[in-house]
Amino acid sequence: MRAFRQPPIPKWRPVKDLPFAAPQAGNRRAQAGKALIVRGFRATMSFKPMRAVSPRTARGIDTFTSVLFVLPNFIGVLVFVVLPVTASLVLGFCKWSGNRLELSAIDWMGLANFTKLLGFTTDAPAVAVVGGIALAVGLVAAVVLALRQRSAWGRPARWAAAAAVLAMAWGVRRYWAGVIDPQASDPLFWQALWNSLVLMTWGVGGRIVLCLAMAMLLNQRLREIVLHRTIYFLPTISSAIALYILWQALYHPDIGVINQSLVAMRDAMNGLVDTFGGPAGWITWQPPNWLGEISTAKPAFIIMGWWHQMGGLPMLLYLAALQGIPEQLYEAAEIDGANAWQRFWSITWPMVSPTTFFILIMGVIRGFQGGFQQAYIMTRGGPAGSTTTVDYFIYNRAFFQDQDMGYASAAAWVLFAIILTLTLINWRYGQRKVHY
Amino acid sequence: MRIKWRKYRRGRLSLAHAMLVRAVLLIGAVGMLVPFAWMVSTALKDKRTMASEPYRWLPKMPPAAPAAKWYVDYLWATTPDFKDVVLRDFDEAAHRLPGRPTRQGQGSLELAVNFDAQDERTHTIDLSDSDRPGVPVSMLAFWLRGDGSGHRLRVSIHGDGFVYKGADDLRAGFEGWKEVHCFFRPERFDPLGREVVELRREPAGDAGYVDLASIRRIELTVLPEPLVARTWQQWTYSFRKAWQSMPFGRFYLNSLFVSLAITLGQVLTCSLAAYAFARLRWPGRDKFFLAYLATMMIPAAVTIVPTFVLMKILGWFDTYRALILPMLFSAYGTFMLRQFFMSLPRDLEDAARIDGCGKLRVWLHVILPLSKPALATLATFTFLASWSAFQWPLFATQSMHMKVLPIGLSAFQDKFSVEYNLLMAASLMVMIPTLLVFLFNQRFFTQGIQLSGMKE
Numbered sequence: 000m001r002a003f004r005q006p007p008i009p010k011w012r013p014v015k016d017l018p019f020a021a022p023q024a025g026n027r028r029a030q031a032g033k034a035l036i037v038r039g040f041r042a043t044m045s046f047k048p049m050r051a052v053s054p055r056t057a058r059g060i061d062t063f064t065s066v067l068f069v070l071p072n073f074i075g076v077l078v079f080v081v082l083p084v085t086a087s088l089v090l091g092f093c094k095w096s097g098n099r100l101e102l103s104a105i106d107w108m109g110l111a112n113f114t115k116l117l118g119f120t121t122d123a124p125a126v127a128v129v130g131g132i133a134l135a136v137g138l139v140a141a142v143v144l145a146l147r148q149r150s151a152w153g154r155p156a157r158w159a160a161a162a163a164v165l166a167m168a169w170g171v172r173r174y175w176a177g178v179i180d181p182q183a184s185d186p187l188f189w190q191a192l193w194n195s196l197v198l199m200t201w202g203v204g205g206r207i208v209l210c211l212a213m214a215m216l217l218n219q220r221l222r223e224i225v226l227h228r229t230i231y232f233l234p235t236i237s238s239a240i241a242l243y244i245l246w247q248a249l250y251h252p253d254i255g256v257i258n259q260s261l262v263a264m265r266d267a268m269n270g271l272v273d274t275f276g277g278p279a280g281w282i283t284w285q286p287p288n289w290l291g292e293i294s295t296a297k298p299a300f301i302i303m304g305w306w307h308q309m310g311g312l313p314m315l316l317y318l319a320a321l322q323g324i325p326e327q328l329y330e331a332a333e334i335d336g337a338n339a340w341q342r343f344w345s346i347t348w349p350m351v352s353p354t355t356f357f358i359l360i361m362g363v364i365r366g367f368q369g370g371f372q373q374a375y376i377m378t379r380g381g382p383a384g385s386t387t388t389v390d391y392f393i394y395n396r397a398f399f400q401d402q403d404m405g406y407a408s409a410a411a412w413v414l415f416a417i418i419l420t421l422t423l424i425n426w427r428y429g430q431r432k433v434h435y
Numbered sequence: 000m001r002i003k004w005r006k007y008r009r010g011r012l013s014l015a016h017a018m019l020v021r022a023v024l025l026i027g028a029v030g031m032l033v034p035f036a037w038m039v040s041t042a043l044k045d046k047r048t049m050a051s052e053p054y055r056w057l058p059k060m061p062p063a064a065p066a067a068k069w070y071v072d073y074l075w076a077t078t079p080d081f082k083d084v085v086l087r088d089f090d091e092a093a094h095r096l097p098g099r100p101t102r103q104g105q106g107s108l109e110l111a112v113n114f115d116a117q118d119e120r121t122h123t124i125d126l127s128d129s130d131r132p133g134v135p136v137s138m139l140a141f142w143l144r145g146d147g148s149g150h151r152l153r154v155s156i157h158g159d160g161f162v163y164k165g166a167d168d169l170r171a172g173f174e175g176w177k178e179v180h181c182f183f184r185p186e187r188f189d190p191l192g193r194e195v196v197e198l199r200r201e202p203a204g205d206a207g208y209v210d211l212a213s214i215r216r217i218e219l220t221v222l223p224e225p226l227v228a229r230t231w232q233q234w235t236y237s238f239r240k241a242w243q244s245m246p247f248g249r250f251y252l253n254s255l256f257v258s259l260a261i262t263l264g265q266v267l268t269c270s271l272a273a274y275a276f277a278r279l280r281w282p283g284r285d286k287f288f289l290a291y292l293a294t295m296m297i298p299a300a301v302t303i304v305p306t307f308v309l310m311k312i313l314g315w316f317d318t319y320r321a322l323i324l325p326m327l328f329s330a331y332g333t334f335m336l337r338q339f340f341m342s343l344p345r346d347l348e349d350a351a352r353i354d355g356c357g358k359l360r361v362w363l364h365v366i367l368p369l370s371k372p373a374l375a376t377l378a379t380f381t382f383l384a385s386w387s388a389f390q391w392p393l394f395a396t397q398s399m400h401m402k403v404l405p406i407g408l409s410a411f412q413d414k415f416s417v418e419y420n421l422l423m424a425a426s427l428m429v430m431i432p433t434l435l436v437f438l439f440n441q442r443f444f445t446q447g448i449q450l451s452g453m454k455e
């Protein structure tokens, strides 16, 4: 009955019938305690009935029904998100093949998984634990800071974030002291991290440039624009696995259409050179075996990602942003004599910067935790691990290669921490760059 | 936030500008379409014509002449305990490696038929004179070389009082040698990608094997086929082959069932929870919602390993429950619907409450009908996401009959990793349904993307 604004309901009546002296109303805490005692007394001992409609109900608060509404989803989230996350954290400190489902099959490893992953050969595990906890608490606090800057948690969160910075500084100091030894870490994991970073950076960068260019092209007054939009959107809607199989064939050194056309172009150039009296077979360049060589596997993935994303979701977002720019801005700039280049950098780019920011954040998050499907379908992480992303590393360790759920969980938590940190950095410093 | 495709910024473009934009767009569109074109072109070819030099974009037509030429060689039979018995070897010199016809067919049995000249159409391989051991055989096999003409070949086996006829005819749509396996009781799907013929008994009856000594003759009948049918058969060869090699029908049904279940479940649970978060008042609501949002940041890699273990413990591994249940609840859907519910006017809801509706009834009769676009968007995205989901189904299922489409396609790729015509045909079969749905509901897709995308 929220439509009718009810008069403010008076507070509970002053207490007269307490069997003992109530605490003096000196401060808020004492008052709250008093109220609690009164309520408890009334609810349990008093012969006076409670009020027919409690203030909460009158204000439309119905906890029971609301919880019933949330419950189906909440149970699912509890069982399939919260429980696994907790279990994953515990598993990160264990070694377990996952084949035998008994507790005796699980070995407690302490911090060994993490030290092996990251190369912390510390002589004092307790110190590492304290440092780790400080880091974790600090990161959580930073989340709080980033999400709500004026919350009641602001001060403790700031302290915790400072503690995290201290922990990091301490880590750097230990690194210089030679206690943290990258050589002792898992080289495959660091390689996977590097691969993820490279793929993510080029992927996101290229996506922003290409999608913005595409959106500006598709934001023109042409009759056949809808057809183009459909064509550019096709890869987004196609089954990703089918496209990866297709691109694996396209990158094939012999029958792949990419190398065939490259060879055809080379031969045409050679023919041209020959026609003008140059040496026969002047260009001897051979196209690479894209997915079979360490130096070209990652570029092949990046190019495929661009093709895949060029007309997809980011492009549509840019298009919507471009159409939201008021026309007057351009008219004013034209009157002032700005050329197209100036108009782009002073109007278009700032006006679409929220979209850019959104695409950047989502790209970083998705890019860092993705890459399994491509690697699984096209290269199985090869050649020599050059396309193994962190994602593929984790699943490989958990299900295919060593079958060590504990080690995989530890790696997953490292990945989680990295994603969280990157997101927070984006939030804190990216939003300042966004301006209209 | 929506895109108006017909209402453009600024006036008419200058001619040069329009031409430039057109050229760039056209080049890009060609670049987008070439991979798809290559896919279709490869799926229509067979192994031989795929590597042709120079590259052909269109597959070859079968020859128009009403004639067919086949070569048959190296007949053998397999006992139920997998021992081979060679029945006929017409060109023994060719078989340095056992079972591998290496030459171009000289010396092999030649079946050449000119259908205009009414040539002899049935060729008989007489086995009655040879002394063969009286062992049961479950499979009869031979090497066959077609000429790409696409006419049909029918296999039948005649013995003492029985006739087994091939249920399907062989097509000469391929060039080069192939191994043909005739089973008395074949597996439904042949994962090795062989040419498989099911032999059916006449009069009807069933036997898993026959006695080798009682087989008198094998008859191969060549049947003519019109050009259109031959072309069709030849171009769809890869598709039929892929369809026969793995239970793609089952994959389709699995995918459909799982995706529909996930979509329904998500729309239901998410809209309930979103209503409680958007409209109902209860202590701790907003903090709780923030915690809900925070779960969206957790990468899948963290949750998949323990969820896999949970499925093992519950005994749900390799069941539909494992495929559906973990995907049924999403914080993202709740978030999206909550944002939409908050934007609905309260008046209708209040009117319903005054008329005596309970909260559940308000949700069902006021909120849900008002938020059809948001629900449709959530349903579309959930459906697409679960239709293309790969990681979780890969780890949660094992057996062939539980695979969903992407996993089935991946398994198909494992089997036929170099036969690109089959791979492309299978990929196309997987892609076509979503493409069709998209082409007919384009507008809806793009608007849904805008609705969900920017509000995050």
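First to last, the protein sequences are chains Z and F.
Everything in the first sequence is counted per numbering that gives the first Met the number 0, starting at 0 for the first residue and increasing by one.
Everything in the second sequence is counted per numbering that gives the first Met the number 0, starting at 0 for the first residue and increasing by one.
Virtual Cβ for every residue (Gly too), placed ideally from N, Cα, C.
Within chain Z, partners of residue i - CB distance below 8 Å
i, result
"Val301 (chain F)", "Pro83, Val84, Ser87, Ser408, Ala411, Trp412, Leu414, Phe415"
"Trp242 (chain F)", "What Trp242 (chain F) touches in chain Z: nothing, since even the nearest Cβ is about 15 Å away."
Beta carbon proximity, residue i to chain F, threshold 9 Å
i, result
"Val80 (chain Z)", "yes"
"Asn425 (chain Z)", "no"
"Pro349 (chain Z)", "no"
"Arg220 (chain Z)", "yes"
"Asn258 (chain Z)", "no"
"Leu419 (chain Z)", "yes"
"Trp246 (chain Z)", "yes"
"Asp390 (chain Z)", "yes"
"Ile364 (chain Z)", "yes"
"Asp106 (chain Z)", "no"
"Val66 (chain Z)", "yes"
"Ile240 (chain Z)", "yes"
Residue environment, residue i, which counts as buried when at least 16 other CB atoms sit within 10 Å
i, result
"Asp403 (chain Z)", "buried"
"Ser13 (chain F)", "exposed"
"Leu226 (chain Z)", "exposed"
"Trp284 (chain Z)", "exposed"
"Leu217 (chain Z)", "buried"
"His307 (chain Z)", "buried"
"Ala24 (chain Z)", "Note that Ala24 (chain Z) has pLDDT 49, beneath the 50 cutoff, so the model's placement of it is unreliable and the number below is only indicative. The residue is exposed, with fewer than 16 neighbouring Cβ atoms inside 10 Å."
"Lys82 (chain F)", "exposed"
Min CB distance residue i to chain Z below 9 Å
i, result
"Ala456 (chain F)", "Examination of residue 456 (chain F) is not possible in this model, given that chain F is present from 0 through 455 alone."
"Ala17 (chain F)", "yes"
"Met341 (chain F)", "no"
"Ser387 (chain F)", "yes"
"Pro185 (chain F)", "no"
"Tyr54 (chain F)", "yes"
"Ser409 (chain F)", "yes"
"Met49 (chain F)", "yes"
According to DSSP, residues forming a beta bridge with residue i
i, result
"Pro135 (chain F)", "F:Asp210"
"Trp75 (chain F)", "F:Val85, F:Ala140"
"Tyr70 (chain F)", "F:Glu109, F:Arg144"
"Ile124 (chain F)", "F:Ile217"
"Leu165 (chain Z)", "None, per the DSSP bridge assignment."
Interface residues of chain Z facing residue i [CB-CB closer than 7 Å]
i, result
"Phe328 (chain F)", "Asn72, Gly75, Val76, Phe79"
"Arg21 (chain F)", "Leu221"
"Lys358 (chain F)", "Thr64"
"Leu434 (chain F)", "Ile236, Ser237"
Contact set between residue i and chain F, taken where Cβ atoms lie within less than 8 Å
i, result
"Asp273 (chain Z)", "Correct list: empty, because the minimum Cβ distance to chain F is about 19 Å."
Would you mind listing the alpha helix (DSSP H) stretches within the stretch 317-357 of chain F that are 4+ residues and don't spill past its ends, in chain order? 319-323, 330-341, 345-353
Any alpha helix (DSSP H) of 4 or more consecutive residues that is wholly inside the stretch 230-312 of chain Z: 239-249, 256-274, 293-308
Quick check for students: name the residue ranges of the alpha helix (DSSP H) that lie wholly in the stretch 175-225 of chain Z, counting only runs of 4 or more. Taking only runs of at least 4 residues, the alpha helix (DSSP H) segments lying wholly in the stretch 175-225 of chain Z are 186-217.
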